[in-house]
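Using UniProt numbering, the first residue of the sequence shown is number 1, and each one after it goes up by one. Below is one structure, written out as structure tokens; comments come after it.
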Amino acid sequence: MPYTARINTPINHVQLTNVAVVRMNKGGKRFEIACYRNKVVNYRQGLELDLSEVVQTERVFVNVSKGEVAKAKDMQKVFGTKDEDEILKLILSKGQLQVSDLERSQQLEKTFAQIAEWISKNCVQPATDRPYTRSQIRHAMKEANVSIHPTKPLKRQYLDSVKLLQKVMPIQRAKMELLLVVSPEDKTETETILKENNVSSSGAKETPSILKYQILVDPSLYRILSDAMQKMSGARIEIVNQVVTKQGDVNLEEEVGNNKNTIAVDSNQDIGSQAAQLMSKVNIYSKNNDDDSDEDSAIEDTNVSRRKSQKRNNKKNRKAKRRNQIEDTDTNNNYYNARSNGEFRNQPGVLEQSGEGSVEVADNIKTSVATDRSDPSGRKSCNTCGGFFDTASEFRAHFKSDWHRFNQKLKMKGFVPVSEKEFLLCDSSSFFENDSIL
Numbered sequence: 001m002p003y004t005a006r007i008n009t010p011i012n013h014v015q016l017t018n019v020a021v022v023r024m025n026k027g028g029k030r031f032e033i034a035c036y037r038n039k040v041v042n043y044r045q046g047l048e049l050d051l052s053e054v055v056q057t058e059r060v061f062v063n064v065s066k067g068e069v070a071k072a073k074d075m076q077k078v079f080g081t082k083d084e085d086e087i088l089k090l091i092l093s094k095g096q097l098q099v100s101d102l103e104r105s106q107q108l109e110k111t112f113a114q115i116a117e118w119i120s121k122n123c124v125q126p127a128t129d130r131p132y133t134r135s136q137i138r139h140a141m142k143e144a145n146v147s148i149h150p151t152k153p154l155k156r157q158y159l160d161s162v163k164l165l166q167k168v169m170p171i172q173r174a175k176m177e178l179l180l181v182v183s184p185e186d187k188t189e190t191e192t193i194l195k196e197n198n199v200s201s202s203g204a205k206e207t208p209s210i211l212k213y214q215i216l217v218d219p220s221l222y223r224i225l226s227d228a229m230q231k232m233s234g235a236r237i238e239i240v241n242q243v244v245t246k247q248g249d250v251n252l253e254e255e256v257g258n259n260k261n262t263i264a265v266d267s268n269q270d271i272g273s274q275a276a277q278l279m280s281k282v283n284i285y286s287k288n289n290d291d292d293s294d295e296d297s298a299i300e301d302t303n304v305s306r307r308k309s310q311k312r313n314n315k316k317n318r319k320a321k322r323r324n325q326i327e328d329t330d331t332n333n334n335y336y337n338a339r340s341n342g343e344f345r346n347q348p349g350v351l352e353q354s355g356e357g358s359v360e361v362a363d364n365i366k367t368s369v370a371t372d373r374s375d376p377s378g379r380k381s382c383n384t385c386g387g388f389f390d391t392a393s394e395f396r397a398h399f400k401s402d403w404h405r406f407n408q409k410l411k412m413k414g415f416v417p418v419s420e421k422e423f424l425l426c427d428s429s430s431f432f433e434n435d436s437i438l
């Protein structure tokens, strides 16, 4: 036979590509089937019902990679049938799916993103009743060391993640708005149920035949109230709003109130957090004594403290640089505004010549030009914040104050500057640490 006429590959050989193996060990025997990738999960979720779209070949193997087909007597002994379609469905439903590392990591990342999205949509900050963004939730989940399970139900993982997030940030599940419709005979029983579950109600809207209670409850109480309504004749429960959150912009008065609420919430958690920190320090100290690693711990603490001090210094330097830039900008604006208005004429330290048009200005002119023309005493005033200053030193110190910096931020954002009394009502430290508030 000539060389060109040789057949090196068997005609009946079917090469399997893009294969995912589902394996089952039963009765001391191993059975495998060859499936398409990503189709097994769809079949188990009920999204794919056609068996031919899931398996690459409708045969049961002992070893897919070697092409060893399972014997009929072994299938009869283990499964009690020789019907390969029934055996395929059983292995698909209960078998072990072989997943690569890349597929597993992609599935975990997808589950992580879904849980973060659920938390962002269904949870709020307790003091403000406003939701967090998905990026904030993802960062907090990593900080809280939330672990994702590939097969555990998403809702269960979502609830567990919320409990872990409560240790690192103020968060709770958003309340539900419900409408309870009961008969007048069940009024006493309904109010007793609401009182037992700590549900506050503004009162019932009475009509001749029914009573309506519109309440805000935690989602965990919905099942309890639903079961209670089913026991009453003619009573029903309706979901008015599944997730109650606040939307829109925040004004200054609301922010001041939110800061007070946040302080109240944090104060309730101070005792527990301080106790937990104390216990953690005691455990670390005892562990170091048992392991005779005091020297290593001291070195590590020194490195940590050095890194923290370096971060604090860098933050202070950035704030000082930004403060100086704002101060220089405002001083220059005051200088040029006064110069354009002709406030330098016939003043000490200024010599104007009409012939050549040259002007000699004293070195300290920039700090003394911002005088308010409407003030008869000639006191200095800031063009941004307003107010009057008796001395030049007070006027210069004003540009370094938090009030002036805060008004500069408002001015850059397009808002109207506030007076000193309004500024003292708000928590300035929270505004400078979190720029997203403005």
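Each residue gets a CB set at the ideal place from its N, CA and C atoms; glycine is no exception. Since we're looking at a predicted model, the values are computed, not measured.
The beta carbon of Ala140 sits closer than 7 Å to those of Leu165, Val168 and Met169, all from its chain and outside the five residues before and after it, given in chain order. Just so you know, the alpha carbons of Lys82 and Gln76 end up roughly 5 Å apart.
Rounded to whole angstroms, Ser202 and Leu216 show a C-alpha spacing of 10 Å. Under the DSSP assignment, Gln106 falls in the alpha helix (DSSP H) whose first and last residues are Asp101 to Asn122. Going by DSSP, Asn241 is part of the beta strand (DSSP E) stretching over Arg236 to Asn241. Tyr158 and Ile119 have their alpha carbons spaced roughly 7 Å apart. Around the C-beta of Ile137, 16 or more other C-beta atoms lie within 10 Å, and the residue is accordingly described as buried. Here DSSP, grouped into helix, strand and coil, assigns Leu225 to helix. Met24 is bridged by DSSP to Phe31.
In the three-state reduction of the DSSP assignment, Met176 falls in the strand class. Runs of the alpha helix (DSSP H) lying entirely within the UniProt domain "C2H2-type" (382-404), each at least 4 residues long, are 392-398 in chain order.
In the three-state reduction of the DSSP assignment, Tyr132 falls in the coil class, being assigned neither a helical nor a strand state.
Short of 7 Å from the beta carbon of Thr133, and not among the five residues preceding or following it, lie these beta carbons of its own chain, in chain order: Ser120. Annotation: Glu238 to Asp227 spans about 13 Å, alpha carbon to alpha carbon. Bridge partners of Leu97 according to DSSP: Val22.
By the Cβ-count criterion, Pro153 is exposed, with fewer than 16 other Cβ atoms from all chains shown falling within 10 Å of its own Cβ.
DSSP, read as helix, strand or coil, puts Phe415 in coil. Taken atom to atom, the span from the alpha-carbon of Lys142 to that of Gln114 is near 14 Å.
The C-beta distance from Val60 to Phe31 rounds to 6 Å, short enough to meet the 8 Å contact threshold.
Comparing alpha carbon positions, the residue from Lys195, Thr192 and Ala235 closest to Leu180 is Ala235.
With distances taken between CA atoms, Asp186 lies nearest to Tyr213 out of Lys316, Asn317, Phe389 and Tyr213.
As a beta-bridge residue in DSSP terms, Asn63 pairs with Glu68. Per the coordinates, the alpha-carbon of Gly387 lies some 6 Å from the alpha-carbon of Ser381. Rounded to the nearest angstrom, the gap between the Cα atoms of Gln56 and Glu103 is 19 Å. In this structure Glu58 touches Glu84 by the C-beta definition: roughly 6 Å separates them, less than 8 Å. Less than 8 Å separates the beta-carbon of Glu177 from that of Asn241. For Val217, the enclosing beta strand (DSSP E) has its first and last residue at Leu211 to Val217. Across the structure, Ser93 and Asn314 are spaced so that their CA atoms are roughly 58 Å apart.
The beta carbons of Arg44 and Gln96 sit about 12 Å from each other, so the pair does not count as a contact at 8 Å. In the three-state reduction of the DSSP assignment, Glu196 falls in the helix class.
Approximately 5 Å separates the beta-carbon atoms of Ile33 and Ile91; this is inside 8 Å, confirming the contact. DSSP lists Leu211 as the beta-bridge partner residues of Val182. Residue pairing by DSSP puts Tyr36 in a beta bridge opposite Val19. Tyr36 and Ala144 have their alpha carbons spaced roughly 37 Å apart.
The C-alpha of Glu422 lies about 11 Å from the C-alpha of Phe406. Ranked by Cα distance from Asp160, the first of Phe112, Asn197, Lys195 and Ile193 is Phe112.
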